[in-house]
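What follows is a set of notes on a single structure, which appears directly below.
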Amino acid sequence: MIKLIASDMDGTLVKSDGTLDGEIFPLIEQLTARGIIFAAATGRQLLNIEELFAPVAERLLYITQNGAHVSYQKQTLASCGLSAELVLSCLDEAASIPDFYPIVFDESYGYVQHEDERFQRMLEKFNIIHRKVPDLRALAETHPLLRFTGCDFRDTEQNGWKRLQACMGARAQVTFSSAMWLDVVAKGVSKGAAMQSIQQRLQIAPEEVMAFGDFYNDLELIGAVGHSVAMANACEAVKKAARYETRSNDQGGVVWAIQHYLREGSLCSLRRV
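Under our numbering, read the sequence shown as residues -15 to 257, first letter to last.
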């Protein structure tokens, strides 16, 4: 019996136009009534996701900042920050990466130093709740931070991620959630590690958990659960790792699969061959 369902956001539950399928809200109410917890597992910040899920925000468990922060019922269950030294190293490397804009996050806000027009459009598109500061380095030296993020206007796998992985990979977790967004969090932090911690805390077995994902930063998450579901639009690595496959994010694949499970009691017909 499923007791917890976790879903990635962008490319998974969130459509390409940045909206949520309206059916998710009554579905979450239905899940809650059945004693099933719904978790948003995302690289986004908590305030952003709470706004997105406003009608049912108090019902959700939140795995945010790619696993660096976990909260449930207004309580922080886990929070794992980046040291000032690591953030400063990221900023030093980022300064010479072309077409790359850094953002640093605490539990509530993102902080940026530069806001040219195209970067501002990305901040607005992904509803990143942020503040502009004169010096990110000065902020990092005095303010606790959870995550370093880069908005990369070149293919980040060959640009920003490649550079930061080379210089930071031994000391931190460097991942990318799309072709233009990368994240650096503390070593060992991931959505999957957060899920394992939640399972232990709530005494839920992996076989009692379903999870949906589409990109590389979801691999640890789907590897930590018994019922892993890839989106039709997922990258090949996620499809190979998942037990099941559902429709694409733009076809409402998460809602469709959950409704299928509630109706049939199983995801067997979605099994990948």
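The beta-carbon is built from N, C-alpha and C at its ideal position, and this holds for glycine as well.
What residue from the options has the CA that sits closest to residue i's CA?
i      : options                           : result
Arg147 : Ser73, Ala62 and Gln29            : Ser73
Glu77  : Phe9, Ala150 and Thr230           : Ala150
Gly207 : Ala216, Val193 and Leu251         : Val193
Trp165 : Arg256, Leu66, Phe84 and His244   : Phe84
Ser174 : Thr48, Phe22 and Pro10            : Thr48
Phe196 : Gln184, Ala218, Gly144 and Ser181 : Ala218
Asn143 : Pro82, Lys223 and Thr3            : Pro82
Ala226 : Gly236, Leu205, Gly237 and Trp240 : Leu205
Gly203 : Asn50, Gln187, Val117 and Arg102  : First, the residue type needs correcting, since residue 203 is Leu and not Gly in the sequence shown. Nearest option by C-alpha distance: Asn50.
Met179 : Ala241, Ala25, Glu99 and Arg18    : Ala25
Arg255 : Arg247, Ala241 and Leu246         : Ala241
Ile182 : Pro10, Thr(-4), Ala62 and Phe37   : Ala62
Val117 : Tyr56, Gln187, His98 and Val54    : His98
Cys135 : Glu108, Glu125 and Arg121         : Glu108
Lys58  : Gln14, Leu45 and Ser67            : Leu45
Leu4   : Leu120, Glu229 and Phe110         : Phe110
Asn201 : Gln184, Met106 and Ala163         : Ala163
Leaving out the 5 sequence neighbours to the left and right, which residues in its chain are closer than 8 Å to residue i when beta-carbon positions are compared?
i      : result
Ser0   : Asn233 and Asp234
Ile20  : Ile(-14), Lys(-13), Leu(-12) and Ile(-11)
Leu70  : Phe132, Met152, Arg155, Ala156, Val168 and Ala170
Arg102 : Phe137
Arg115 : Tyr93, Gly94, Tyr95 and Val96
Thr60  : His53, Val54 and Glu91
For residue i, collect the residues of the same chain with a Cβ closer than 7 Å to its Cβ; drop the 5 residues on either side in sequence, then sort them by chain order.
i      : result
Glu34  : Ala41
Ile113 : Gln29, Leu31, Asn32, Tyr93 and Gly94
Pro128 : Gly65 and Asp90
Ala177 : Gly51 and Glu204
Thr16  : Arg43
Where DSSP assigns a beta bridge to residue i, which residues make up the other side?
i       : result
Glu229  : Ala214
Gln157  : Val169
Val(-2) : Asp(-6) and Leu4
Leu251  : According to DSSP, which records beta bridges pairwise, Leu251 is partnered with nothing at all.
Arg115  : Tyr95
What span of residues does the beta strand (DSSP E) with residue i cover, start to end?
i        : result
His53    : His53 to Tyr56
Ala(-10) : Leu(-12) to Ser(-9)
Gly134   : Arg131 to Asp136
Leu148   : Careful: Leu148 lies outside any beta strand (DSSP E), inside the alpha helix (DSSP H) at Gly144 to Met152.
Thr48    : Leu45 to Thr48
With respect to the alpha helix (DSSP H) encompassing residue i, which residues constitute its N-terminal and C-terminal limits?
i      : result
Gly237 : Gly237 to Glu248
Ile124 : In the sequence under discussion, the amino acid at residue 124 is Ala, which differs from the Ile named in the question. Run containing Ala124: Leu120 to Thr126, per the alpha helix (DSSP H) assignment.
Gln59  : Here Gln59 belongs to no alpha helix (DSSP H); instead the beta strand (DSSP E) covers Gln59 to Ser63.
Phe9   : Ile8 to Ala17
Ile20  : No alpha helix (DSSP H) holds Ile20; DSSP gives it neither H nor E.
Leu36  : Leu30 to Leu36
Enumerate in chain order the residues of its own chain whose CB-to-CB distance from residue i is below 6 Å, with the five nearest sequence positions on each side excluded.
i      : result
Glu191 : Gly210
Phe160 : Thr140, Trp145 and Leu166
Ile188 : Lys(-13) and Leu(-12)
Glu125 : Ala68
Does any heavy atom of the ligand MN sit closer than 7 Å to the C-beta of residue i?
i     : result
Phe22 : With respect to small molecules bound, the structure shown includes none, and the ligand MN cannot be examined in it.
Whole alpha helix (DSSP H) elements within the region 164 to 225, 4-residue minimum: Listed in chain order, the complete alpha helix (DSSP H) runs (minimum 4 residues) inside the region 164 to 225 are 175 to 186, 203 to 207 and 220 to 225.
In chain order, each beta strand (DSSP E) run of at least 3 residues that lies wholly inside the region 68 to 113:
Complete beta strand (DSSP E) runs here, min 3: 84 to 89 and 94 to 96.
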